[in-house]
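Q: Mapping to this note's numbering: the sequence shown position 223 is 233, numbers consecutive.
Ideal placement from N, C-alpha and C gives every residue a C-beta, glycine not left out.
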Amino acid sequence: MGKIFKFDVVIDAEDMCNRVREKKRLVALIRKQGRIVIYSLRRMGKTSLVNVCSQLLKKTDPKIFGLYVDLNEVTSLGDVAGRFKSHYETALNEQLPLKNVKAHLDALVSRLKLGLPGGVEISLKKKPEPQPEAYIMSLFKELKTMGQHHEIVIILDEFQGIAALRDVQAVLRREIKKLSNAAVILMGSNQRLLYKMFNDKKSPFFGFGEDMELKPIPLDEYLPYMNERFAVANLSIDGDTADYLMRKMNGIPNYINELGSWIVDTIATGTVLTKECIDSALADASKSKQGRYESALYGYSVNQKKFIKAVARLGLVSSYTGQEMSGETGLSPTELNRIGMSLDDAPIISRDTKNRFFILDPFLKQFLEML
Ligand SMILES: Nc1ncnc2c1ncn2[C@@H]1O[C@H](COP(=O)(O)OP(=O)(O)OP(=O)(O)O)[C@@H](O)[C@H]1O
Ligand SMILES: [Mg+2]
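1. Are the beta-carbon atoms belonging to F94 and L149 less than 8 Å from one another?
2. Using the Cβ count rule (16 or more neighbours within 10 Å means buried), how would you classify I21?
3. Start and end of the alpha helix (DSSP H) containing R93?
4. Looking at the secondary structure, which residues open and close the beta strand (DSSP E) in which F218 lies?
5. Which runs of the alpha helix (DSSP H) at least 4 residues long sit entirely within the segment 234–264? Give them in chain order.
6. By the DSSP assignment, the alpha helix (DSSP H) with Y303 in it spans what residues?
7. Measuring only the C-alpha atoms, how far is Y78 from I162?
8. Nearest-angstrom Cα distance between D289 and K319?
9. Any heavy atom of ligand 1 inside 7 Å of the beta-carbon of D25?
10. Is F377 buried or exposed, if buried means 16 or more other CB atoms sit within 10 Å of its CB?
11. Report the residue ranges of all alpha helix (DSSP H) runs contained in full by the segment 17–79; include only those spanning at least 4 residues, in chain order.
12. Output needed for I164: all residues of its chain with C-beta closer than 6 Å, excluding positions within five of it in sequence on either side, in chain order.
13. What is the C-beta distance between A173 and K206, in whole angstroms, given that I count them as a contact (C-beta under 8 Å)?
14. What is the residue span of the beta strand (DSSP E) that G198 lies within?
15. Would you check whether ligand 2 has a heavy atom nearer than 7 Å to the C-beta of K56?
16. Can you tell me whether E268 is helix, strand or coil according to DSSP?
17. Using 8 Å as the threshold, is the C-beta distance between Q314 and S360 below it?
18. Judging by CA-CA distance, which residue of R348, S296 and K364 is the nearest neighbour of L374?
19. Comparing the CB of S50 with every heavy atom of ligand 1, is any distance shorter than 7 Å?
20. Would the C-beta of D116 count as close to ligand 2, meaning under 7 Å from any of its heavy atoms?
21. Look at the alpha carbon of E104 and the alpha carbon of L196, and state the distance between them as a whole number of angstroms.
22. Which residues in the same chain have their Cβ closer than 7 Å to the Cβ of N394, if we skip the five residues on either side of it in sequence?
23. For a test of the three-state rule: what should DSSP assign to R323, helix, strand or coil?
24. If contact is defined by three or more beta carbon pairs under 8 Å, each pair taking one atom from either stretch, is the segment 56–74 in contact with the segment 235–254?
25. Apart from the five residues just before and just after E143, which ones in its own chain have a Cβ nearer than 7 Å to its Cβ?
26. Quick one: what's F368 bridged to in DSSP?
27. Have a look at H97 and V119 and give me their C-alpha separation to the nearest angstrom.
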């Protein structure tokens, strides 16, 4: 079977377009046990990049041990410890022989019991962790010991999930600092929250590690990738049209692939794609998601919806109280200011690195423009 457009999944090397420099840098950083923050707009390919690098490293060093923890929507230190625990146990089971798994878990639990006042019994089943700080400390100690025989990589994804949890940040910062024999990769997609965590002098993660921003993939890399996948349906695309498609998708690989997949499934074989084909495919794909988008808008006030629609029509909005927005919505700057603040963390609207409002999902943008 020929290659297909994949989206909404973590991809492997064969489906990864370009990112050659990023892969090289990340592999080198892991080898030297460095620390890095990878950030980008949502759906740009952070998790996939780290996944591919882990696979590359596994080939040359089968003993490498990766601990991946997803911090999305955690609400307390107990939650975070619970996440570490379940990810750690999964990682052990997946990456080490069974007898070693047991040894590591036993070591962790016995250390935990010793470290607790009165030797309180800890059940491995309980979530969130009753003694979260003790658990995290014990886990990091275990990783340090493991680091004597394995190369260790810690990956904390959706790191903005702990932006409001200073106590969690403080504990993790301290433990990561002690863990000198491991590479640490932090990843996230909410630029505003990440910025606060790494640039606020009072924040525990102030000035942490190096930065890597994942930017859109260049056209000359994406064009052959697309044509390889369009070829399955005997379709083709030229540079100009591919550029048009990529711009319409905000340069985000996930959406580029999603529209590519829709085109493969719906456009007559043998077609040389034009901008009109792209427009009609986008309109149809967006229509197919109407129900989902209608429910996403549910619960927003009339004026909030006006605001959101105006952002969809205007593209990037740097000043949401400015004339453009007043013109589009018919609302006063005071009212726009109030609404803008109320939508600060709304999932439907995003901010770019320059803090401008925009609609990340191009299918949603299209839907809003049609309302
Ligand atoms: N280098 C790439 N080449 C081609 N497609 C890619 C690439 N990177 C990402 N994608 C596309 O983007 C999708 C999402 O990738 P991934 O989950 O790694 O992104 P992410 O930045 O981690 O997203 P999120 O912000 O939701 O965590 C993939 O399923 C794939 O369609
Ligand atoms: Mg991700």
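A: In brief:
1. As a working note, residue 94 is residue 84 in the sequence shown. As a working note, residue 149 is residue 139 in the sequence shown. Cβ distance < 8 Å, so F94 and L149 count as in contact.
2. Taking the sequence shown and counting its residues from 1, the one referred to as residue 21 is at position 11. By the neighbour-count rule (16 or more Cβ atoms within 10 Å), I21 is buried.
3. Walking along the sequence shown from the start, residue 93 turns up at place 83. Where R93 is concerned, the enclosing alpha helix (DSSP H) stretches over L87 to Q105.
4. Reading the sequence shown from its first residue, position 208 is the one you call residue 218. No beta strand (DSSP E) holds F218; DSSP gives it neither H nor E.
5. 249–258
6. Residue mapping note: residue 303 aligns to position 293 of the sequence shown, counting from 1. Note, Y303: alpha helix (DSSP H), Q300 to L307.
7. Locating residue 78 in the sequence shown gives position 68, where the first residue counts as 1. Locating residue 162 in the sequence shown gives position 152, where the first residue counts as 1. If you take the alpha carbons of Y78 and I162, they lie about 11 Å apart.
8. As a working mapping, residue 289 is identified with position 279 in the sequence shown. As a working mapping, residue 319 is identified with position 309 in the sequence shown. Cα to Cα, the separation comes out at about 19 Å.
9. If you number the sequence shown from 1, residue 25 lands on position 15. Correct: D25 has its Cβ closer than 7 Å to ligand 1.
10. By 1-based counting over the sequence shown, the position of residue 377 is 367. Buried is the call here.
11. 30–41 and 56–70
12. Taking the sequence shown and counting its residues from 1, one reaches residue 164 at position 154. Only L77, A192 and V194 meet the Cβ criterion.
13. Within the sequence shown, residue 173 is the residue found at index 163, counting from 1. Within the sequence shown, residue 206 is the residue found at index 196, counting from 1. At roughly 6 Å, the Cβ-Cβ gap stays under 8 Å, so A173 and K206 are in contact.
14. Residue mapping note: residue 198 aligns to position 188 of the sequence shown, counting from 1. Counting along the chain, the beta strand (DSSP E) containing G198 begins and ends at A192 to G198.
15. What you label residue 56 is simply residue 46 of the sequence shown in a count that begins at 1. True, at least one ligand heavy atom lies under 7 Å from that Cβ.
16. Stepping through the sequence shown from its first residue, residue 268 is reached at position 258. It is helical.
17. Stepping through the sequence shown from its first residue, residue 314 is reached at position 304. Stepping through the sequence shown from its first residue, residue 360 is reached at position 350. Cβ atoms of Q314 and S360: not closer than 8 Å.
18. On the sequence shown, residue 374 is found 364 positions in, with the first residue counted as 1. Of the listed residues, the one whose Cα sits closest to L374 is S296.
19. Counted from its first residue, the sequence shown places residue 50 at position 40. Yes, the Cβ of S50 comes within 7 Å of a heavy atom of ligand 1.
20. Residue numbering aside, residue 116 sits at position 106 when the sequence shown is read from its first letter. For ligand 2, no non-hydrogen atom lies closer than 7 Å to the CB of D116.
21. Taking the sequence shown and counting its residues from 1, the one referred to as residue 104 is at position 94. Taking the sequence shown and counting its residues from 1, the one referred to as residue 196 is at position 186. The straight-line gap from Cα to Cα measures roughly 22 Å.
22. Residue 394 is absent from the model: the chain starts at 11 and stops at 381.
23. Residue numbering aside, residue 323 sits at position 313 when the sequence shown is read from its first letter. In this structure, R323 counts as helix in the three-state DSSP scheme.
24. no
25. Residue mapping note: residue 143 aligns to position 133 of the sequence shown, counting from 1. These residues qualify, in order along the chain: L87 and V181.
26. Position 358 of the sequence shown, counting from 1, holds the residue named residue 368. Answer is S360.
27. Counted from its first residue, the sequence shown places residue 97 at position 87. Counted from its first residue, the sequence shown places residue 119 at position 109. Each residue's alpha carbon lies about 16 Å from the other.
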